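Engineer: Position one of the sequence shown corresponds to residue 1465 (this note's numbering), numbered consecutively onward.
Cβ coordinates follow ideal geometry from the N, Cα and C atoms, glycine included.
This one's a predicted model, so the numbers in the text were calculated from it and none came from an experiment.
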Amino acid sequence: MPSPRVAPNVRVTYDQPTKLAGLLARGQADVALIPVVHYFSGADSKMLDSLGACADGDIWSVPLKCDRRSELVRAVPADRATTTRARAAG
């Protein structure tokens, strides 16, 4: 992965958004791309405008789309690292 251009005193950490949320919660990071569910969980966080994640291809890890009433849903597959979908299904 190419290194971004940052100031010499800045350390960039690459990890799963859930793990980055943990770093942020423990005060080990100043900013992080975190799952939306962590942002709305009551943590004292602020959203930065004009920033986001992007990918070279489809992203299927967050939206939960359904063609039936929620009480009829029996299973929702979830990536263990994707807390937003896991909590939405739980």
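(1) Using the rule of at least 16 other Cβ atoms within 10 Å of the residue's Cβ for burial, across every protein chain shown, is P1481 buried or exposed?
(2) Could you have a look at L1487 and say whether DSSP puts it in helix, strand or coil?
(3) Which class does Y1478 belong to by DSSP, given the choice of helix, strand or coil?
(4) G1493 and T1477 look like a contact to me (Cβ under 8 Å); what is the Cβ gap, rounded to whole Å?
(5) Tell me the DSSP secondary structure of L1497 in three-state form.
Structural biologist: Walking through what the data contain:
(1) buried
(2) Helix.
(3) coil
(4) It is Ala, not Gly, that sits at residue 1493 in the sequence shown. Correct: roughly 7 Å between the Cβ atoms.
(5) coil
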